[in-house]
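Everything on this sheet refers to the single structure shown next.
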Amino acid sequence: MEVEKNRGILARHFGVDLYALGTCSILGLKNASVCKNVFDRAFGRSNSMPEAGYEARLFTYHPGAQQLLLFFLAYNVKNLYDSYVWEDGPEFIFHHVVSIIVAWNGMYPGCCHFYAIFFMGISEISTCILCILASFDDEYGVVGLGAAFPITKIVLGVVFAISFIICRAILWPLFSYYIMKDSRLAFKVKSEKLEGRKFAIIVILTICAALTLLQAVWLVQIIVQGRDEIMALLEKS
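Residues 1 to 237 in the UniProt record's numbering are what the sequence shown spells out, letter by letter.
Take a look at the structure:
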């Protein structure tokens, strides 16, 4: 830790990313009861997500979700600045800008709070683990740290893979399906509550669809990288 750059990397991963995303995860879990019907549906309660409840899910204001969205937005503003300073690349800057836009539209004019609890909160549990794991990566973390603690890196990798599969490969598509289904119904019946919110919902849905596709891409990358890590470990042993 004598190298200043390494101290900066760890400070960013733990002092900014892990702290902020951990807070988002906690806020999401704290308010998980708001969106529990989706979880119930995932475990077989066929009547837990009735079409008749679409307006409540899309347009009901939840203070916990508003707090989460505000914190999520603030974190991404900070992360946008950090990405510029650390020269993370245009894809990271684009991601942070998109995240800011989604969070803002969720707060003002205010919509989709039911779904924000998961997308901006609970789903970030896997990202928290990734923040720690990234510190052991030679490209995004401290060079040599992974080689010094190979078992720790592997354990974190396994925990991250499991959390990603649960949060991003299973639950994310389910929540995406229902937010799109509810929104489609709102536009179909021309809900009065769409007034002033049409553009916000279209923006949120567009970004949600793109991110849902990204989850599949990332899942493939995780599987490939995990296989390579295991093969490399077996060769050394």
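Each residue gets a CB set at the ideal place from its N, CA and C atoms; glycine is no exception.
Assuming residue i and residue j make a contact with CB atoms under 8 angstroms, what is their CB distance in whole Å?
{"i": "Val34", "j": "Ala11", "result": "That belief does not hold up - the Cβ atoms of Val34 and Ala11 are roughly 34 angstroms apart, past 8 angstroms."}
{"i": "Ser191", "j": "Glu55", "result": "6 angstroms"}
{"i": "Glu141", "j": "Ala147", "result": "According to the sequence shown, residue 141 is Gly rather than Glu. Contact doesn't hold; Cβ gap of about 11 angstroms is too wide."}
{"i": "Ile101", "j": "Val203", "result": "6 angstroms"}
Take residue i as the anchor and find which of the options has the nearest alpha-carbon.
{"i": "Gln67", "options": "Leu214, Val203 and Gly106", "result": "Gly106"}
{"i": "Arg41", "options": "Lys190, Gly226 and Pro173", "result": "Pro173"}
{"i": "Ser83", "options": "Leu213, Leu21 and Ile9", "result": "Ile9"}
{"i": "Cys208", "options": "Ala103, Thr127 and Gly28", "result": "Ala103"}
{"i": "Asp228", "options": "Ser99, Leu211 and Ile154", "result": "Ile154"}
{"i": "Asn76", "options": "Ala210, Ala20 and Ile26", "result": "Ala20"}
{"i": "Asn37", "options": "Arg57, Ala134 and Val142", "result": "Arg57"}
{"i": "Leu211", "options": "Phe94, Leu156 and Val16", "result": "Phe94"}
{"i": "Phe164", "options": "Glu124, Ile179 and Gly22", "result": "Glu124"}
{"i": "Thr23", "options": "Met120, Tyr61 and Phe59", "result": "Met120"}
Nearest-angstrom Cα distance between residue i and residue j?
{"i": "Glu51", "j": "Leu171", "result": "19 angstroms"}
{"i": "Cys131", "j": "Phe14", "result": "7 angstroms"}
{"i": "Glu87", "j": "Leu234", "result": "35 angstroms"}
{"i": "Tyr115", "j": "Val189", "result": "21 angstroms"}
{"i": "Glu167", "j": "Glu4", "result": "Checking the sequence, you will find Cys at residue 167 rather than Glu. Distance between the alpha carbons of Cys167 and Glu4: 35 angstroms."}
{"i": "Asn47", "j": "Ile230", "result": "43 angstroms"}
Please report the residue range of the alpha helix (DSSP H) in which residue i lies.
{"i": "Arg57", "result": "Tyr54 to Phe59"}
{"i": "Leu194", "result": "From DSSP, Leu194 is part of no alpha helix (DSSP H); its letter is neither H nor E."}
{"i": "residue 239", "result": "Because the chain here runs from 1 to 237, residue 239 falls outside it and cannot be looked at."}
{"i": "Cys112", "result": "No alpha helix (DSSP H) holds Cys112; DSSP gives it neither H nor E."}
{"i": "Trp104", "result": "Pro90 to Asn105"}
{"i": "Ile125", "result": "Ile125 to Ala134"}
{"i": "Gly121", "result": "Careful: Gly121 lies outside any alpha helix (DSSP H) and carries neither H nor E."}
{"i": "Tyr81", "result": "Pro63 to Val85"}
What runs of the beta strand (DSSP E), each 3 residues or longer, lie entirely inside the stretch 14-48? none
Where in the stretch 142-230 do unbroken runs of the alpha helix (DSSP H), each at least 4 residues long, occur, reported from the N-terminal end onward? 145-148, 150-164 and 172-188
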